[in-house]
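Q: Here you go, one structure.
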Amino acid sequence: MIDEKIVKHEKNIVWLVEPSDYPWVREDISDFCQKQGISKSRQSQIERRRKLIGYADLEDNAPPSYILGTKKYYERRVFVVRDGDYQVYKYGHPAEGVDPLKVQPKVKAAVLRGS
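Using this note's numbering, you'd call the opening residue of the sequence shown number 10 and step up by one each time.
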């Protein structure tokens, strides 16, 4: 379940692929070293076992979620599908499945109901 503090400082949602191509996506949280955008190396890390469909950018004044040493980290929502998701969930969706067309910045996505 996504905490309210995660979405509080969102600026916008960036879709890397057309969200209407997906009946649902998994809503998850990932930590980033920057508030906006995504580096190719971070995208590659996220995409080791899943495809990154979209992510949230944060406002310029967003505080870090945590600091390790001198490095600041920002938890941001990511929207992904795993390899084989649509075969496994042929007639349903995972518990964290959300409708990508209803995702908005600053608003916790409504988890899909049903199977």
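All residues carry an ideal CB built from backbone N, CA and C; glycine is no exception.
Note that the coordinates shown come from a computational prediction; the quantities given were computed from them, not determined experimentally.
Is the separation between the beta-carbon of L25 and that of G63 shorter than 8 Å?
A: What you label residue 25 is simply residue 16 of the sequence shown in a count that begins at 1. What you label residue 63 is simply residue 54 of the sequence shown in a count that begins at 1. Yes, the pair counts as a contact, with Cβ atoms nearer than the cut-off.
Q: Going by DSSP, what residues sit across from A65 in a beta bridge?
A: Your numbering for residue 65 matches position 56 in the sequence shown. Looking at the DSSP assignment, A65 forms a beta bridge with I22.
Q: Classify D40 as buried or exposed, calling it buried when 16 or more other Cβ atoms lie within 10 Å of its own Cβ.
A: Residue numbering aside, residue 40 sits at position 31 when the sequence shown is read from its first letter. Classification for D40: exposed.
Q: Indicate whether P72 and Y82 have their beta-carbon atoms separated by less than 8 Å.
A: Counting from one through the sequence shown, the residue named residue 72 turns up at place 63. Counting from one through the sequence shown, the residue named residue 82 turns up at place 73. No; because the gap between Cβ atoms is not below 8 Å, this pair is not in contact.
Q: What is the DSSP secondary structure of S29, reduced to helix, strand or coil?
A: The sequence position of residue 29 within the sequence shown is 20, counting from 1. If DSSP states are grouped into helix, strand and coil, S29 belongs with the helices.
Q: Are V34 and D66 close, meaning C-beta to C-beta below 8 Å?
A: Counted from its first residue, the sequence shown places residue 34 at position 25. Counted from its first residue, the sequence shown places residue 66 at position 57. The answer is no: Cβ separation not under 8 Å.
Q: Report yes if the C-beta distance between K60 and V87 is below 8 Å; otherwise report no.
A: Against the sequence shown, residue 60 aligns to sequence position 51. Against the sequence shown, residue 87 aligns to sequence position 78. No, the Cβ-Cβ distance between K60 and V87 is not below 8 Å.
Q: From this set, K115, K14, K111 and K117, which residue's C-alpha is nearest P32's C-alpha?
A: Mapped onto the sequence shown, residue 32 falls at position 23. Proximity to P32 across K115, K14, K111 and K117 peaks at K111, based on C-alpha coordinates.
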